[in-house]
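The working numbering puts the first residue of the sequence shown at 340, with every later residue one more than the last. Following: one structure in structure tokens, then a few remarks.
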Amino acid sequence: MKKIFLSLILSLSIGFVATAQRAKSVILIYLDGGPAQTETFDPKPAAGRNYYGNYKGVCKTNVEGIEIGEKLPLLATMADKYTLIRSMSHGSNAHETGHYAMITGDTSGGAVVYPSFGAVISYMKRDTYKGVLPCYISVTSANSRFNEGGFLGNQYKSFDTGGKPESSEYEVEGIVNKFVNKERLNKRMDLLNSFESPLNKKELDSLRATNMEFIWGESREVFNLANEPDSVRKRYGNTRLGQSCLVARRLVEAGVPFVNVRTTGWDTHKKHFQKMNTALPDLDRSVSALLADLDARGLLDSTIVLLGGEFGRTPKVLWEAPWNGGRAHYGKTFSYLVAGGGFVGGKVLGATDKTGEKVIERLVRPCDLIGTVYLLMGIDPFGTLPHVSEGDLPILPSLLEKGKSEGLLYEIIDFKKPSHEK
340 MKKIFLSLIL SLSIGFVATA QRAKSVILIY LDGGPAQTET FDPKPAAGRN YYGNYKGVCK
400 TNVEGIEIGE KLPLLATMAD KYTLIRSMSH GSNAHETGHY AMITGDTSGG AVVYPSFGAV
460 ISYMKRDTYK GVLPCYISVT SANSRFNEGG FLGNQYKSFD TGGKPESSEY EVEGIVNKFV
520 NKERLNKRMD LLNSFESPLN KKELDSLRAT NMEFIWGESR EVFNLANEPD SVRKRYGNTR
580 LGQSCLVARR LVEAGVPFVN VRTTGWDTHK KHFQKMNTAL PDLDRSVSAL LADLDARGLL
640 DSTIVLLGGE FGRTPKVLWE APWNGGRAHY GKTFSYLVAG GGFVGGKVLG ATDKTGEKVI
700 ERLVRPCDLI GTVYLLMGID PFGTLPHVSE GDLPILPSLL EKGKSEGLLY EIIDFKKPSH
760 EK
């Protein structure tokens with residue numbers, strides 16, 4: 340019966356997905372550890388100090404009726420460019436399961452390990468993406484707990500750049516090494532060629548040409564931030580997050596379909612507010628610069644930007660020892676910022692109660708958000724992926740399960756909901 344239902348959904352979905360594509364690339368800014376929604380996109384100034392902690396103030400945005408955290412004044416000036424989802428939920432307070440849910444969209448609890456949505460996009464674009472750079476890139480490292488190719492295989496997991504983009508020279512793993520110049524590399528290649536057998540040389544030469552273009556061709560210049568005007572680099576901020584966001588802009592400008600910008604330090608059980616005094620202004624500057632830059636270059640319409648983590652943090656502050664003003668993990672409700680690529684701006688989707696502890700309007704599940712990203716990228720969210728032993732599996736199994744999905748986010752995208760979807 341389940342297979343019949345799946346076949347029906349698949350047959351109905353064929354046709355409208357091709358016309359749904361609005362985006363060419365995705366930038367996921369992943370706040371590893373879990374950011375507090377009350378300090379970012381769902382402030383609760385009337386809830387009392389046990390909830391707002393040291394941040395009672397809010398920033399009024401340039402969209403009437405929308406307020407965000409007081410440490411995000413730059414993002415407040417451009418709320419018309421993004422939409423806030425205040426009702427994300429998967430219910431898990433564990434990093435591993437939270438990461439898995441938000442990176443794969445799978446909350447089915449099955450035995451099959453699903454690929455990350457970056458890997459899925461890499462797989463689905465394998466025949467149409469013609470770039471030399473990898474289809475899926477993490478700046479500067481993958482999300483440590485889950486960022487794999489799943490059953491699609493490791494060839495679809497992310498390429499991790501490593502290095503420090505905020506340094507004077509951004510060394511990228513396997514591409515940019517300040518100790519190896521072009522002349523030395525050519526000598527090494529000549530030596531290698533002298534030892535090789537002529538058998539299969541044509542195939543080897545073809546692969547080597549691609550690798551050399553990757554290592555020393557024009558594509559490596561994408562990572563050369565010295566090409567950027569100082570004014571642009573300063574606008575993003577000379578921090579790991581700021582310069583990583585600048586690299587992300589350059590990568591989508593070069594046509595890379597999926598860029599993961601991972602930033603750590605958001606698991607704030609202790610010294611929460613002290614850490615946020617630095618982290619939030621950095622986030623504000625970096626992300627506002629990215630959105631403004633994408634918009635000015637005509638890239639925002641074709642680039643989806645997602646900002647969030649694996650869950651939120653407890654709305655109620657843990658004043659007692661040993662936390663002394665921290666916030667714990669909270670998967671019951673949290674927030675995401677979405678922008679570009681077919682997502683409309685200037686809206687809020689969903690709502691929480693007066694203390695931010697539970698969703699009271701338009702619950703959003705991980706598969707609902709990721710499925711909507713697939714839709715906007717021209718990928719059928721009700722389609723299938725090949726499994727080596729299980730055959731074709733649903734691309735998002737939770738999207739087909741009662742209680743695991745509340746539906747794709749048609750309320751905040753520039754696309755009309757098909758009549759066959761409830």
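Every residue, glycine too, gets a C-beta built ideally from N, C-alpha and C. Note that the structure is predicted; figures quoted are calculated from it, not measured.
In the displayed model, M417 falls within coil according to three-state DSSP, outside both helix and strand.
Residue pairing by DSSP places H726 opposite G730 in a beta bridge.
Every alpha helix (DSSP H) of 4 residues or more that sits fully in the stretch 672-752 is shown, in chain order, as 705-715.
One thing to note: V561 has its Cβ no nearer than 8 Å to the Cβ of C474. G651 places its beta carbon 8 Å or farther from that of T617. By DSSP's assignment, D499 forms a beta bridge with S477. In the DSSP assignment, F754 falls outside any beta strand (DSSP E) and carries neither an H nor an E.
For L472, the three-state secondary structure derived from DSSP is coil.
Taking the Cα of Y453 as reference, the smallest distance to any Cα among P374, K496, R465 and K573 is reached at K496. Note on N482: 16 or more other CB atoms within 10 angstroms of its CB, so buried under the neighbour-count rule. Residue pairing for S364: DSSP places it in a beta bridge opposite T642. One Cα belongs to V586, the other to A440, and the distance between them is close to 26 Å. The continuous alpha helix (DSSP H) containing T443 extends over residues H434 to T443. Apart from the 5 residues on each side of it in sequence, I718 sits with its Cβ closer than 8 Å to the Cβ of V356, V459, I460, M463 and I734 in its chain, given in chain order.
The shortest C-alpha to C-alpha distance from S455 to any of T467, I476, D466 and K469 is the one to I476. Distance from the Cα of P720 is smallest, within the candidate group P568, L708, L580 and T479, for L708.
If you check the CB distance, V571 and I366 do not come in under 8 Å.
Separation of A362 and F682 (C-alpha to C-alpha, rounded to the nearest whole angstrom) is 9 Å.
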